[in-house]
Amino acid sequence: MSSMSPLIIALDYPSLDAALCMADQLDPARCRVKVGKELFTRSGPDVIEALHGRGFEVFLDLKFHDIPHTVAGAVQAAAEQGVWMVNVHASGGRRMMEAARERLDRQSLSTHLIAVTVLTSMSEGDLADVGLSGSPAEQVSRLASLAKDSGMDGVVCSAQEARGLRDLCGEDFLKVTPGIRPASALADDQRRVLTPGDAMSAGSTHLVVGRPVTQAADPMAALASIESELSG
């Protein structure tokens, strides 16, 4: 089943059973789902197969960052499992991203390939700690330009940077935005956050939402509330 919704629900669970319990409360026609490092490390390809069996398109969020040949092979392996989207770290550089792009194209695999710019948990001070000067927005713009030049379909970025990236990289360049919180939700550990409506207005193309849906008493009601915010 293919969803036209911009919403991606983060299944950040430590077990296959817990992730599928949440998936069974969601409608694959109204959202996609994200599988991250902990869930995939514990459950492996079984979680991808189970979610596909329930009709969901899957964003495999493993943020590959390694030598070009290794990343190209990992991206191919993910795409051959039929995932809708997979990501790498833009800080891995041009040759790494180009190798991943070339591998997907050579194998005629249509999985969306995007790059992580700056994690939404990171502040300017965090960047300084790892030897990077300037603001997160400046680093995001630098890495997004590199990602586009290297053949990526888009980037992961904060909604606060989405408007600038729309101008820099174009409307069709995907801007996948974590750290989305409805107006009534807390920011939790994400530093650079916006509401769903503000994020889409700023230029985000896809919104990753976790706890505001997955920790809600009624996840589909919480998802419907976000949909209302987006259409309002």
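One rule links them: number in this note's numbering = place in the sequence shown (from 1) + 1473. Ideal placement from N, C-alpha and C gives every residue a C-beta, glycine not left out.
Q) If you pair each beta-carbon of the segment 1517-1528 with each one of the segment 1575-1591, do three or more pairs fall below 8 Å? A) Verdict: no, contact absent.
Q: Tell me, please, which residues DSSP counts as bridged to Ile1521.
A: Translated into positions along the sequence shown, residue 1521 becomes position 48. Among the bridge pairs identified by DSSP, Ile1521 is matched with none.
**Q.** For Asp1539 and Leu1659, the rounded distance between their alpha carbons
**A.** Residue mapping note: residue 1659 aligns to position 186 of the sequence shown, counting from 1. Residue mapping note: residue 1539 aligns to position 66 of the sequence shown, counting from 1. Note that Leu1659 scores a pLDDT of 48, beneath 50, so its modelled location is shaky; the value from the coordinates is reported in the next line. One C-alpha to the other measures close to 34 Å.
Q | DSSP state of Arg1455 mapped onto helix, strand, coil | A | Any answer about residue 1455 is impossible in this case: the structure gives the chain only from 1474 up to 1705.
Q: Using the Cα positions of Glu1571 and Ala1550, report the straight-line distance between them to the nearest angstrom.
A: Residue mapping note: residue 1571 aligns to position 98 of the sequence shown, counting from 1. Residue mapping note: residue 1550 aligns to position 77 of the sequence shown, counting from 1. The straight-line gap from Cα to Cα measures roughly 16 Å.
(Q) Tell me which residues share the same chain as Pro1487 and place their Cβ nearer than 8 Å to its Cβ, disregarding the 5 neighbours each side in the sequence. (A) Taking the first residue of the sequence shown as position 1, residue 1487 is located at position 14. Result list for Pro1487: Glu1511, Leu1512, Arg1515, in chain order.
Q: Within the same chain, show all residues whose beta-carbon is closer than 6 Å to that of Ala1545, passing over the 5 residues directly before and after it, in chain order.
A: Within the sequence shown, the letter at position 72 stands for residue 1545. Take Ala1545, set aside five residues on each side of it, and the residues of its chain with a beta-carbon closer than 6 Å to its own are Ala1572, Ala1573, Arg1576, in chain order.
Q) What are the boundary residues of the beta strand (DSSP E) that His1562 is part of? A) One-based indexing of the sequence shown puts residue 1562 at position 89. Segment 1558-1562, the beta strand (DSSP E) holding His1562.
**Q.** For Lys1536, the nearest candidate out of Gly1624, Ser1701, Pro1518, Gly1509 (CA to CA)
**A.** Start at 1 with the first residue of the sequence shown, and residue 1536 comes out as number 63. Ranked by how close their Cα comes to the Cα of Lys1536, the residues Gly1624, Ser1701, Pro1518, Gly1509 have Gly1509 in first place.
(Q) Could you tell me the alpha carbon to alpha carbon distance between Arg1639 and Ala1689, rounded to whole angstroms? (A) The sequence position of residue 1639 within the sequence shown is 166, counting from 1. The sequence position of residue 1689 within the sequence shown is 216, counting from 1. The alpha-carbon atoms of Arg1639 and Ala1689 are separated by roughly 32 Å.
Q. Should Val1603 be labelled buried (16 or more other beta-carbon atoms within 10 Å of its own) or exposed?
A. Along the sequence shown, one-based indexing puts residue 1603 at 130. With a 10 Å radius around the Cβ and a threshold of 16 neighbouring Cβ atoms, Val1603 comes out exposed.
Q) If you draw a straight line from the alpha carbon of Met1477 to that of His1585, how long is it in whole angstroms? A) Mapped onto the sequence shown, residue 1477 falls at position 4. Mapped onto the sequence shown, residue 1585 falls at position 112. Taking the straight line from one Cα to the other gives about 15 Å.
Q) Going along the chain, which unbroken runs of the beta strand (DSSP E) with 3 or more residues stay wholly within the segment 1479-1512? A) Fully enclosed beta strand (DSSP E) runs of 3 or longer: 1480-1483, 1505-1508.
Q. Given a threshold of 16 other Cβ atoms within 10 Å of its Cβ, counted over all protein chains shown, does Pro1518 qualify as buried or as exposed?
A. Position 45 of the sequence shown, counted from the first residue, corresponds to residue 1518. Under this definition Pro1518 is an exposed residue.
(Q) By DSSP's criteria, Gly1565 is part of a beta bridge. Which residues make up the other side? (A) Locating residue 1565 in the sequence shown gives position 92, where the first residue counts as 1. Paired residues: none, contrary to the question.
Q) Ends of the beta strand (DSSP E) at His1538? A) As a first step, residue 1538 is located in the sequence shown; it is residue number 65 there, counting from the start. It is not in any beta strand (DSSP E) - His1538 carries neither H nor E in the DSSP assignment.
Q.
Give me, in chain order, the residues of the same chain whose beta-carbon lies closer than 7 Å to that of Leu1619; leave out the 5 immediate sequence neighbours on both sides.
A. Residue mapping note: residue 1619 aligns to position 146 of the sequence shown, counting from 1. Ala1563, Arg1567, listed in sequence order.
Q. Is the beta carbon of Ile1653 sitting closer than 8 Å to the one on Val1682?
A. The count along the sequence shown starts at 1 and reaches residue 1653 at position 180. The count along the sequence shown starts at 1 and reaches residue 1682 at position 209. Yes, they are a contact pair.
Q: Have a look at Gln1663 and Pro1609 and give me their C-alpha separation to the nearest angstrom.
A: Your numbering for residue 1663 matches position 190 in the sequence shown. Your numbering for residue 1609 matches position 136 in the sequence shown. Bear in mind that the predicted position of Gln1663 carries a pLDDT of just 49, short of 50, making it too unreliable to give a figure here.
Q. Since Ile1521 contacts Cys1504 with CB under 8 Å, what's their CB separation in whole angstroms?
A. Against the sequence shown, residue 1521 aligns to sequence position 48. Against the sequence shown, residue 1504 aligns to sequence position 31. About 16 Å separates the two Cβ atoms, so there is no contact after all.
Q | Rounded distance between the beta-carbons of Thr1650 and Leu1696, thought under 8 Å | A | Residue numbering aside, residue 1696 sits at position 223 when the sequence shown is read from its first letter. Residue numbering aside, residue 1650 sits at position 177 when the sequence shown is read from its first letter. With 8 Å as the limit, Leu1696 and Thr1650 do not qualify as a contact, their Cβ atoms being about 16 Å apart.
Q) Just to confirm, are Leu1600 and Gln1633 a CB contact at a threshold of 8 Å? A) Along the sequence shown, one-based indexing puts residue 1600 at 127. Along the sequence shown, one-based indexing puts residue 1633 at 160. With respect to the 8 Å criterion, Leu1600 and Gln1633 are not classified as neighbours on the basis of their beta carbons.
Q) What distance in whole Å lies between the Cβ atoms of Val1559 and Asp1533, which are believed to be in contact at a cut-off of 8 Å? A) For the purposes of this step, residue 1533 is taken as the residue at position 60 of the sequence shown. For the purposes of this step, residue 1559 is taken as the residue at position 86 of the sequence shown. For clarity, residue 1533 is Leu in the given sequence; the question names Asp instead. Cβ atoms of Leu1533 and Val1559 come within 8 Å of each other, at about 5 Å.
Q: Can you have a look at Ser1704 and say buried or exposed, based on whether 16 or more other CB atoms are within 10 angstroms of its CB?
A: In the sequence shown, residue 1704 corresponds to position 231, counting from 1. Classification for Ser1704: exposed.
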